[in-house]
Every structure is written in C-alpha cells, then in structure tokens.
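Presented below is the structure to which this report refers.
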Amino acid sequence: MIFTSGSTGRPKGVVVEHRSVVNLLAWADRRFEFGQLARVVASTSLNFDVSVFEIFSPLVAGGSIEVVRDLLSLADLGPEALAGSVVSGVPSAFSHLLAGSLGDARPSAVALAGEALAAHTVRDIQAAMPGARVANIYGPTEATVYTTYWHADAGTGVDITPPIGRPIDNVSTYVLDAGLCPVPVGVAGELYIAGDGLARG
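Each residue of the sequence shown is one higher than the one before, counting from 1 in my numbering.
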C-alpha cells in the first residue's frame with residue numbers, strides 16, 4: 001500500500017499490485033541507457049510512490065542506491081554526490097539545487113516528476129550539467145508511480161513546454177470528453193489511464 005500525496009485532500013491508501021511494480025521496473029531497465037541505473041540517488045520519503053522507482057530500479061539493473069535525507073540535502077554533499085547517478089525530484093527543488101553548489105555535478109540522468117516542468121528548467125539543467133539526460137515523467141500513485149515519459153538528451157534544445165510524453169510499456173493513455181469519447185488533437189479533455197500500471201481500486 002502506498003499513500004497518495006494528499007494534493008487533492010486527505011492522502012488515500014492505494015493498493016498497488018506486484019505485477020504493476022514489476023512492469024515499472026522492467027520499463028525502467030529498458031528505458032534508461034546502459035549504466036544509468038548503476039547508481040540512483042534515493043531522496044524521496046518511503047511514504048511517497050517515487051521511492052519505489054528510486055529503491056528498486058537500480059537493484060533490477062544490478063546497480064546501487066545512495067540514500068540521502070532529501071533532495072535539498074544534496075547541496076551539503078557537493079557535486080561529487082551526483083557523479084554518474086540518476087537523481088529524481090520535483091522541478092522546483094531541483095532549480096533550488098542549481099542555484100547552490102551543484103553547478104559542477106555530473107549525473108547521468110535527471111528524472112523530474114510531481115510538478116509541471118518548464119522549458120527554462122530543462123535548459124538550466126542542461127547548461128549546469130552537460131551530458132545529463134533530462135526526463136519529464138508523469139504518473140499518479142494510482143498508476144504505480146510513472147505513467148508517461150519524455151526526455152531531452154544532452155545538447156537537445158528545448159524551446160517549448162516539455163510534454164508529459166508517451167505511455168510507459170504496457171500502459172495506455174486516452175484523452176476523453178465527458179461522454180468518454182476520444183477528443184481530437186488540440187481539444188481539451190481528461191486523461192484516462194489503462195494497463196498494467198493500474199492499482200486496485
């Protein structure tokens with residue numbers, strides 16, 4: 001059981017199935033480049049769903065986990081704390097880190113989730129951390145951590161608001177209207193999620 005963040009009210013317990021976690025981890029092992037999951041910084045509280053990715057994805061890939069108090073505590077550890085790692089967090093916290101002493105850090109990938117990601121944040125990370133892949137990942141707790149994924153490789157210019165991307169393996173997403181009919185491209189609707197990531201509910 002994992003609890004939601006409580007952003008829409010009181011946190012709710014979500015029963016996540018084993019197969020949903022296995023699907024997430026198998027996707028992560030395929031999606032991240034060889035060696036990127038060799039070292040993952042675990043900065044998220046065990047009370048939040050992202051900790052599932054941070055703790056178990058490196059283990060599936062034969063990697064290691066570096067546990068830190070929280071994302072902002074990386075500022076006290078210095079740039080070497082991120083060398084060759086995957087680090088995840090919310091965009092606003094990562095922007096705060098960039099303003100501090102982590103300008104020379106060299107993570108292999110930065111996975112951002114939990115908030116809307118702005119193009120300038122991607123550019124700031126790319127400028128401060130050349131070589132790092134920047135990923136925008138979306139997913140509610142009820143869909144087992146991550147549902148969609150988009151990334152910008154190092155050196156790729158980003159001039160528009162980064163999209164939430166495409167569904168991860170064995171997950172489908174649909175934008176539907178109030179009558180549950182698909183909407184045309186460019187028309188607002190609600191995002192529906194289906195597939196192996198869905199929790200019991």
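We put the CB at the ideal spot given by N, CA and C, even for glycine.
Closest residue to residue i among the options (Cα-Cα distance)
| i | options | result |
| --- | --- | --- |
| E66 | G165, N47 and L37 | L37 |
| A42 | V21, Y149, R30 and V110 | V110 |
| T156 | T4, R200 and Q126 | Q126 |
| G13 | P58, N47 and R19 | N47 |
7 Å Cβ cutoff met for residue i and residue j
| i | j | result |
| --- | --- | --- |
| A128 | H151 | no |
| D124 | L98 | yes |
| E54 | V40 | yes |
| L198 | A143 | yes |
| Y149 | I137 | yes |
| V122 | P162 | yes |
| L74 | A81 | yes |
| T44 | T141 | no |
| V175 | A119 | no |
Cβ separation of residue i and residue j, assumed to be a contact under 8 Å, to the nearest whole Å
| i | j | result |
| --- | --- | --- |
| S172 | G189 | That pair is no contact at about 15 Å. |
| I164 | Y146 | At roughly 10 Å, the Cβ-Cβ gap does not stay under 8 Å, so I164 and Y146 are not in contact. |
| R106 | G131 | 6 Å |
| V60 | D29 | 5 Å |
Extent of the continuous beta strand (DSSP E) run through residue i
| i | result |
| --- | --- |
| L46 | No beta strand (DSSP E) contains L46, which DSSP labels as neither H nor E. |
Start-to-end residues for the alpha helix (DSSP H) that takes in residue i
| i | result |
| --- | --- |
| I137 | Premise fails: I137 lies in the beta strand (DSSP E), R133 to Y138, not in any alpha helix (DSSP H). |
| R19 | H18 to R31 |
| S172 | Here S172 belongs to no alpha helix (DSSP H); instead the beta strand (DSSP E) covers V171 to L176. |
7 Å Cβ cutoff, residue i in contact with chain C
| i | result |
| --- | --- |
| V68 | The question asks about chain C, but that chain is absent: this structure has only one protein chain. |
Are the stretch 88–97 and the stretch 170–182 touching, with three or more C-beta to C-beta distances below 8 Å?
-> no
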